[in-house]
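Protein chains: 2
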Amino acid sequence: MATKAAVPQVAPRSAMEPLVQESTPSMIAGRVREAIASGLIPPGSQLGEANLARELGVSRGPLREGLQRLTAEGLLISIRNRGLFVIEMTPERVQDMYLARQAVERAAAERIHQGDPVAAGASLATVIDVMASARDQHAESAADVSFHELLVSLAASPRLSRMHGILITETRMCINALSDLYVQGDRVRVEEHRAIAQSFSDRDPALTDRLLVAHMSDAVHRLTGGRVEQG
Amino acid sequence: MATKAAVPQVAPRSAMEPLVQESTPSMIAGRVREAIASGLIPPGSQLGEANLARELGVSRGPLREGLQRLTAEGLLISIRNRGLFVIEMTPERVQDMYLARQAVERAAAERIHQGDPVAAGASLATVIDVMASARDQHAESAADVSFHELLVSLAASPRLSRMHGILITETRMCINALSDLYVQGDRVRVEEHRAIAQSFSDRDPALTDRLLVAHMSDAVHRLTGGRVEQG
DNA sequence: GCGCGTGCGATTGTCGACAATACTATTAGA
DNA sequence: TCTAATAGTATTGTCGACAATCGCACGCGC
C-alpha cells in the first residue's frame, strides 16, 4: 500500500542532527570557562574541587579532567597539593595576551585577503550593526568579541580559531575584571571596527594590517592605563 | 666534637632548588606528548588507557587527566565511549599547522626586532652551527626544531611560546611520519636558516618577515609534495 | 545467500573511599 | 608578650571497583 510509504521513516534532519554528545569533561570545561570569562569566578580565586563537583552534579573525577583542560589553556594554574587558581591579569599579562591576539588576527586577516575579503567585510559589517545598536556597555563588549571571533573564523583555520578562542576567553575575563578601565565614552570603538571591515571590502591588506595593529595597541593602552611601556 | 659542625646542615643551592615537583598529570602529558612527537606512538593509533596506565606505573585517574591536556592541545581527539586517538596528518592539517606557525613566528620575529635583534641573531647562529655539523638527518631536524623554538623564546612572550610549543609538537610528529618527504638533499636548509639569523643581525625586519614566509612555504610544499593548493 | 537480531568481550565513564599534604588555631615555654 | 612547636582540619592526590556503552562474531530467519 502506498499509505505506508507516506509515513516518514526518519525524523526531520533538524531533530536528529545534534545527537553528538560531547564528553563530560568537555562540558565541564565549557561551563567553568564561561564562569571565569563572565567574571562569575573572579581572577585569583581558588577552585575547590568538592564544591564545584557538588555544584555541577558530577564526581571529582570528570571535574578534574575538565579542569586539566583549562590548565592546559593557561586559564588556571596548578599548585601541587594546594589546588587550582584562576590566573590574575597583570599589565604584563594583558600586553602579552594582546601580542598573541595580534599575531593570530593579523594572520587571519591576511588569509581572508587571499580568499574572499569582500564577503568577509559584509559579514563583519553585520556584527558592527549589532555593536552600534548596543544599549549598554555589556552588549557592546559582547559584539566586540563577536567581531573578532568572526574575523578569525572567516580565515577557516582550525588552529588559529582554537588559539584565538583561548585568547578571547582571557580577553573577556580581563574586560570583566577591569571594566572600569575599558570604558569607551563615545562611539570610537564602533568606528574602529567599521574601518577594519571596510578595509576588507576595499581589498586593502596593508590597511587592514595597520588598523588591526592600531586597534590592539589602543586596547592595551586602555586596559593597562598606559602603565606598561613596551620592552 | 667539632667534627659534627663540619657537616653541612643544608645541601648546596643547586641541589635544593629544583624541588618544585610538577603535578603527575603534567608529567604524564609530557611523556605521552614526547612519545607522539618522536613517532613512538604513530598517528591514528588508539591510546588504550589500561595499557598506558600499566606502562607508566600510574592509575587511570591521573593518566586520563594528563591525556585531557593533550586533547586540549589538539594532539588527541576524543570519541565518546570509543577512546582517544592520535590525530592523523592530512595535507590540509599540515598546511594549517604551518599557517599557525607562521603567525606565531612572524609575531615573535617582529618583537625581537623591537628588542635586541643583534643578540638574537648571534644566539640563532649558534644553533645553525649545530645544524651544519649534524651528521644524520635526525640530528639536523632536531637542530631545525631548536632553531625555531629559540626564535620564539627570544621574543619572551609566554603565550607565543606556549602556542608555538604545541605547534612544534605537531611539526615533529609530522616530520617523523613523513620523513621520506622531508628529505632535504643538500644544505639548502642550513642556508635558509642562516639567512634568517643574518637578517636579525642586519636589523632588517622586512627581510626577516619575507624569509620566514618563504621558509614556511617551502616546508609545506616539501611535506605535502605540492598536493595542496592554497584555498 | 543475505540481512538482521543477539550475546559476548573489551574498553571507557563514573564514583566513592583512603592516603598524603598543607594551612590554621591552639597552647606551652621563654 | 612573643616565639615556636603541635594537634586539628580541610583539601588535594591516588586508587580500585562498578556500571554503561560500543564493536564484533555467531546464529537464526527470510
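Heads up: the sequence lines are chains A and B, in that order. Here the numbering used here is used: the first sequence runs in plain steps of one and ends on residue 328. Here the numbering used here is used: the second sequence runs in plain steps of one and ends on residue 328. A virtual CB, placed ideally from N, CA and C, is assigned to each residue, including glycine.
Per DSSP, the bridge partner or partners of residue i
i: Phe-182(A); result: Gln-143(A), Ile-174(A)
Residue i classed as buried or exposed, judged by whether at least 16 other C-beta atoms fall within 10 angstroms
i: Ala-316(B); result: buried
i: Ala-252(A); result: buried
i: Ile-174(B); result: exposed
i: Asp-193(B); result: buried
i: Ser-111(A); result: The predicted model places Ser-111(A) with a pLDDT of 42, which falls under 50 and marks its position as unreliable; any figure quoted below should be read in that light. Under this definition Ser-111(A) is an exposed residue.
i: Ala-311(B); result: exposed
i: Leu-137(A); result: exposed
i: Val-285(B); result: exposed
i: Ala-216(A); result: exposed
i: Glu-288(A); result: exposed
i: Glu-114(A); result: Residue placement at Glu-114(A) is poorly supported in this model, since its pLDDT is 42, which falls under 50; the coordinates still yield a value, given next. Per the 10 Å Cβ criterion, exposed.
i: Ala-236(A); result: exposed
i: Arg-307(B); result: exposed
i: Ser-230(A); result: exposed
Closer than 8 Å to chain A by CB, residue i
i: Arg-256(B); result: yes
i: Gly-145(B); result: no
i: Ala-274(B); result: no
i: Gly-158(B); result: yes
i: Ser-250(B); result: no
i: Ala-134(B); result: no
i: Gly-180(B); result: no
i: Pro-122(B); result: yes
i: Ala-197(B); result: yes
Whole-angstrom C-beta distance between residue j and residue i, which should lie under 8 Å
i: Pro-214(B); j: Ile-184(B); result: At roughly 35 Å, the Cβ-Cβ gap does not stay under 8 Å, so Pro-214(B) and Ile-184(B) are not in contact.
i: Ala-204(A); j: Leu-257(A); result: 6 Å
i: Gln-143(B); j: Gly-180(B); result: 5 Å
i: Leu-275(A); j: Leu-320(A); result: 6 Å
i: Val-242(A); j: Ala-200(B); result: Between Ala-200(B) and Val-242(A) the Cβ distance is about 20 Å, and since that is not below 8 Å, they are no contact.
i: Met-260(B); j: Met-260(A); result: 5 Å
i: Arg-291(A); j: Ile-225(A); result: 5 Å
i: Arg-157(B); j: Glu-146(B); result: 5 Å
Alpha helix (DSSP H) segment containing residue i, residue limits
i: Asp-193(A); result: 188-211
i: Ala-252(A); result: Looking at the DSSP string, Ala-252(A) is not in any alpha helix (DSSP H), and its letter there is neither H nor E.
i: Val-227(B); result: 214-229
i: Leu-137(B); result: From DSSP, Leu-137(B) is part of no alpha helix (DSSP H); its letter is neither H nor E.
i: Ser-298(A); result: 285-298
i: Gln-118(B); result: From DSSP, Gln-118(B) is part of no alpha helix (DSSP H); its letter is neither H nor E.
i: Leu-167(A); result: 157-169
i: Arg-307(B); result: 302-321
8 Å Cβ cutoff, residue i in contact with chain B
i: Pro-139(A); result: no
i: Gly-218(A); result: no
i: Leu-308(A); result: no
i: Leu-304(A); result: no
i: Thr-321(A); result: no
i: Glu-162(A); result: yes
i: Leu-153(A); result: no
i: Gln-234(A); result: no
i: Leu-172(A); result: no
Residue i beta carbon near the ligand COA (any heavy atom closer than 7 Å)
i: Pro-139(B); result: The ligand COA is not among the ligands present in this structure, which contains no ligands whatsoever.
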